[in-house]
Amino acid sequence: MQVILILISLIISLSCTSTIQESNAQIKKKGKIVFTSDRNGNRDIFVINPDGTDLKALTTNKADDAWAKWSPDGKKITFTSRRTGIGQVHIMDADGKNITNLSQNNYNELDPIISPDGKKIAFTSKEFGNYQIYVMDLDGKNRVRLTSSGEFNGRPDWSPNGKEIVFLSYRNRNYDIYKMNADGTSQKKLTNSLESASFPNWSPDGKKIMFSAHVNDIDYLFVMNSDGTERKKLISTEEGNWAGRWNKQGDKIVLTSYRDKNYELYTMNTDGTNQKRLTNNSGKDDMADWHN
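Just so you know, we're using this note's numbering here: the sequence shown kicks off at 8 and counts up by one.
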């Protein structure tokens, strides 16, 4: 009898261990979503599970923190902070520790995002009077300017292979989506005849680019081929949906929506189906990024 009880206890223990391991693996598969919220009075960086659980504040500074993006390995987060009185590029550990100002200058800098190989950061700087796109090393050194045309160039996003950058540019009196080589050469316009396009994001397989556009006073999410062809809406509702980001597996999207008369985060399939509300509070939740 004692032997049987020991065997039963061992089986239960192994079962529990297996369940915990499966649960941890599932959490790792689903990943984490980082985003900006002013729910505590000023804009801070938060993380949350894709099912809406385990909400945590990573920053609690009196200055505004925003534009958070994961590093490819999920160990770091880049973001913009106004801790010095102007926007500066910062980097921190995924748990919010070891915050470092990489800009260390006197002009506004924003939109930081780490390259797929983890060696460079693309960002937007107002160093010479208007916003242009730059790259620098992860320690803030070796800054190189990539754009010069137009009054504004920003919102950079790396292609999955790191060879190209898609970005927003204000030229010819309109905001359009462009792409260029990672060294700034071969700049090409991808959108036309849309009002105020913004927030471009490469799909993980590099075949698609998602972006937002303001059409007839409504913000829509669009997707197109990486060469600008075959553009289509992902969501046709008129409540306002923008700033979409794919997860790393390429099967889900997180976005900001105003459908509940408040700025909340939603997740959905890549074809726009299975939309689920992720956040629910009176603050403004936006600028999300998904790592898994």
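All C-beta atoms, glycine included, are put in the ideal place defined by N, C-alpha and C.
Which residue or residues does DSSP assign as beta-bridge partners of residue i?
| i | result |
| --- | --- |
| leucine 272 | Thr263 |
| tryptophan 297 | Ile40 |
| threonine 107 | Ile98 |
| serine 210 | Answer is none; serine 210 lacks a bridge partner. |
| serine 205 | Ser219 |
| arginine 178 | Asn181 |
| lysine 283 | Thr274 |
| lysine 195 | Lys186 |
So, residue i versus residue j, is the Cβ gap smaller than 8 Å?
| i | j | result |
| --- | --- | --- |
| glycine 247 | tyrosine 265 | yes |
| alanine 101 | lysine 83 | yes |
| alanine 75 | isoleucine 106 | no |
| lysine 1 | serine 233 | The requested residue 1 does not occur in the structure, where the chain is confined to residues 8 to 299. |
| serine 156 | arginine 180 | no |
| isoleucine 40 | alanine 295 | yes |
| glycine 103 | threonine 66 | yes |
| proline 167 | aspartate 124 | no |
| valine 173 | proline 119 | no |
| asparagine 68 | arginine 90 | yes |
| asparagine 299 | lysine 255 | yes |
| arginine 50 | alanine 73 | yes |
When you compare only the Cα positions, how much space is there between residue i and residue j?
| i | j | result |
| --- | --- | --- |
| asparagine 199 | isoleucine 225 | 17 Å |
| glutamine 111 | serine 122 | 21 Å |
| serine 25 | asparagine 56 | Bear in mind that the predicted position of serine 25 carries a pLDDT of just 42, short of 50, making it unreliable; the figure below should be weighed with that in mind. Rounded to whole angstroms, serine 25 to asparagine 56 spans 22 Å at the Cα level. |
| glycine 191 | serine 78 | 22 Å |
| leucine 62 | methionine 99 | 18 Å |
| lysine 35 | phenylalanine 135 | Any answer about lysine 35 is weak, because its pLDDT of 47 lies below 50 and its placement is not dependable; what the coordinates show is given next. So the alpha carbons of these two residues sit roughly 42 Å apart. |
| glycine 59 | phenylalanine 86 | 22 Å |
| asparagine 287 | glutamate 271 | 6 Å |
| glutamate 202 | isoleucine 184 | 11 Å |
| isoleucine 257 | tryptophan 209 | Reading off the sequence shown, one finds glycine at residue 257, where the question assumed isoleucine. Straight-line Cα distance between these residues: approximately 10 Å. |
| glycine 161 | lysine 196 | 14 Å |
| leucine 228 | isoleucine 242 | 6 Å |
| arginine 284 | aspartate 292 | 12 Å |
| phenylalanine 218 | alanine 204 | 7 Å |
| tryptophan 297 | asparagine 113 | 31 Å |
| methionine 143 | serine 88 | 17 Å |
| aspartate 278 | glycine 290 | 28 Å |
| asparagine 269 | valine 54 | 19 Å |
| glycine 92 | aspartate 71 | 9 Å |
Going by DSSP, what residue range makes up the beta strand (DSSP E) through residue i?
| i | result |
| --- | --- |
| serine 219 | 215-222 |
| serine 243 | That residue, serine 243, is in no beta strand (DSSP E); it is neither H nor E in DSSP. |
| aspartate 251 | Here the sequence assigns glycine to residue 251, which means aspartate is not the residue at that position. Note, glycine 251: beta strand (DSSP E), 248-253. |
| leucine 228 | 225-232 |
| lysine 291 | No beta strand (DSSP E) holds lysine 291; DSSP gives it neither H nor E. |
Taking 7 Å as the cut-off, is the CB of residue i close to at least one heavy atom of the ligand FAD?
| i | result |
| --- | --- |
| proline 119 | Although the ligand FAD was asked about, the structure shown includes no ligands whatsoever. |
Enumerate, from N- to C-terminal direction, the unbroken beta strand (DSSP E) stretches of 3 or more residues contained entirely within the stretch 112-167. Counting only runs of 3 or more, we get 116-121, 127-132, 139-144, 159-165.
Which runs of the beta strand (DSSP E) fall wholly inside the stretch 41-104 and span at least 3 residues, in chain order? Runs of the beta strand (DSSP E) inside the stretch 41-104: 51-55, 72-77, 83-88, 95-100.
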